[in-house]
Amino acid sequence: MMTLLAIFFPFLSFLFRGKILTAIICLILQVTLIGWIPAAIWAVISLQNARADKRTERLIKAMKSN
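Per the working numbering, residue 476 is the first one in the sequence shown, and the count goes up by one each step.
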């Protein structure tokens, strides 16, 4: 669901994750038709990186508990 949001409304993807300044910059980029594609790519990559960071944190936490 968040991936579709990142593709169609990139600034909302950042806004929902609490990155307000990044959302504003992305919205400015998204306003132009040419800038919308890079904004969507940026939002999807950022979302994937955030998911990878959470996964890494869970792995580190699991390794420390053993």
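Built from N, CA and C at the ideal position, the CB exists for glycine as well.
Assuming C501 contacts A518 under a Cβ cut-off of 8 Å, what Cβ separation, rounded to an integer in Å, is found between them? Their Cβ separation, rounded to whole angstroms, is 7 Å, which keeps C501 and A518 in contact under 8 Å.
Tell me whether the segment 527 to 540 and the segment 503 to 514 touch, counting them as touching only if at least three CB pairs, one residue from each stretch, are closer than 8 Å. no
Beta-carbon contacts of S540 that lie in its chain and below 7 Å, excluding the five residues immediately before and after: So the list is empty, once near-sequence residues are dropped.
Where does F484 fall in DSSP's three states? coil
Are F484 and A498 close, meaning C-beta to C-beta below 8 Å? no
F489 to M477, Cα distance in whole Å? Straight-line spacing of the CA atoms in F489 and M477 works out to 10 Å.
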